[in-house]
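To keep things clear, I will list the structure first and then write my remarks on it.
There are 2 protein chains.
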Amino acid sequence: MARLSDLIEEFIKSMINDMDGAIEIQRNELASRFNCVPSQINYVISTRFTNEKGYYVESRRGGGGYISIRRLNTNSAADYIMHIITSIGDKISQHTCEVFINNFVDYNIISNREAMLMRAATSDKALMEVPMDRRDDVRAMILKNMLTSLTVI
Amino acid sequence: MARLSDLIEEFIKSMINDMDGAIEIQRNELASRFNCVPSQINYVISTRFTNEKGYYVESRRGGGGYISIRRLNTNSAADYIMHIITSIGDKISQHTCEVFINNFVDYNIISNREAMLMRAATSDKALMEVPMDRRDDVRAMILKNMLTSLTVI
DNA sequence: GCGTTATAATAGTCAGAGATAGTCAAATTG
DNA sequence: CAATTTGACTATCTCTGACTATTATAACGC
Numbered sequence: 001m002a003r004l005s006d007l008i009e010e011f012i013k014s015m016i017n018d019m020d021g022a023i024e025i026q027r028n029e030l031a032s033r034f035n036c037v038p039s040q041i042n043y044v045i046s047t048r049f050t051n052e053k054g055y056y057v058e059s060r061r062g063g064g065g066y067i068s069i070r071r072l073n074t075n076s077a078a079d080y081i082m083h084i085i086t087s088i089g090d091k092i093s094q095h096t097c098e099v100f101i102n103n104f105v106d107y108n109i110i111s112n113r114e115a116m117l118m119r120a121a122t123s124d125k126a127l128m129e130v131p132m133d134r135r136d137d138v139r140a141m142i143l144k145n146m147l148t149s150l151t152v153i
Numbered sequence: 001m002a003r004l005s006d007l008i009e010e011f012i013k014s015m016i017n018d019m020d021g022a023i024e025i026q027r028n029e030l031a032s033r034f035n036c037v038p039s040q041i042n043y044v045i046s047t048r049f050t051n052e053k054g055y056y057v058e059s060r061r062g063g064g065g066y067i068s069i070r071r072l073n074t075n076s077a078a079d080y081i082m083h084i085i086t087s088i089g090d091k092i093s094q095h096t097c098e099v100f101i102n103n104f105v106d107y108n109i110i111s112n113r114e115a116m117l118m119r120a121a122t123s124d125k126a127l128m129e130v131p132m133d134r135r136d137d138v139r140a141m142i143l144k145n146m147l148t149s150l151t152v153i
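So the sequence lines, in the order shown, correspond to chains U and X.
Positions 1 to 153 (UniProt numbering) are the ones given, in order, by the first sequence.
Positions 1 to 153 (UniProt numbering) are the ones given, in order, by the second sequence.
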């Protein structure tokens, strides 16, 4: 049986996605949407939207009160990636490409496995079929495309 | 006379088969189906669904709790990938490529993020710089290279 | 008008009840 | 004896509700 807390968590997360990383909700409104007591919302927030999980929560009581939830890091990771994408020109060598990829691993933006996939896709070995003088162009496109896919979440 | 534990083991295994390698059960429900105490389920799991025997078990207590059992792909994942690699010819269309990638996700061989990276690297968009009549060759090489990298880990 | 005091509208806390699963050792079986 | 079965006790997660805390706004007294 699906837990109510999980449903609420999902709902909030998709709201956050829709709203580009930050939302402001009203506890009672959300509770009544899910037919639960308001304190259940606190439970969900305190167990699922913690700091360690990358969220920052603020709230205010009284008339016009609210709970705001912001997703941390994710956006700055996306920003960082976007920055790198724009800094990559029309061409990139295999070596420079690897430097970038290693940086992403260092910054915890991608996992080791993901790094291996990216290296594999941009290696000279993979681009053997492409004439040498066009390889760095193709590589740049592939790398940019992969990076862009990461910013979509 | 067949021991109860063996019956439960068989039951779980056939469920896993029916469900393509992964199930989620409720301890109490299963116990009452076999008219035994709940802890018997733990016994069966700890003696028959161990890591060495190729299973991965997770559980959660509390309301809506569950026990999930997954059959590991261990070496067969690498075997499966190698098999796919050899079955990919010198050319592959974007569409066929995506079918493969989606299958890998379904078989838990790659994560969703990894799938996105692979799609991004093999899309026509990424290969724009490559002349149309060479694209499927380059794509095949990139895909094979990425797949090979996965077997190394 | 201005400061003070209710009132209403929020959100927070915490402890207890309910719903699961885990552990371990004694009893049983074959 | 080794494997299985059982059950009492424990651990963990979820849900609920009573009580508390905070804030905005309206009402009041001067």
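Note that CB positions come from ideal geometry on N, CA and C, so glycine has one too.
For clarity, every value in this text was computed on a predicted model and none was experimentally measured.
Determine the direct distance from the alpha carbon of ASP79 of chain X to that of LYS13 of chain X, and round the result to whole angstroms. 22 Å
Candidates X:SER39, X:HIS83, X:LEU150, X:ALA120: which alpha carbon is nearest LEU147 of chain U's? X:ALA120
Closest by CA to GLU29 of chain X, which one among X:THR47, X:ILE8, X:LYS125? X:ILE8
In angstroms, rounded to a whole number, what distance separates the CA positions of LEU127 of chain X and ASN17 of chain U? 30 Å
Proximity of LYS91 of chain X and ASP137 of chain X at Cβ, strictly below 9 Å: yes
Looking at the secondary structure, which residues open and close the beta strand (DSSP E) in which ARG60 of chain X lies? 55 to 60
Proximity winner among X:ALA140, X:GLY21, X:MET118, relative to THR86 of chain X (alpha-carbon distances): X:ALA140
Taking CB distances under 9 Å as the criterion, tell me whether MET141 of chain U reaches chain X. yes
On the DSSP bridge list, what partners appear for ALA22 of chain U? U:ARG70
Look up THR47 of chain U in the DSSP assignment and say whether it is helix, strand or coil. helix
Can you tell me whether DSSP reads CYS36 of chain U as helix, strand or coil? coil
Residue environment, ASN103 of chain X, which counts as buried when at least 16 other CB atoms sit within 10 Å: exposed
I'd like to know whether the C-beta of LYS144 of chain U is nearer than 9 Å to at least one C-beta of chain X. yes
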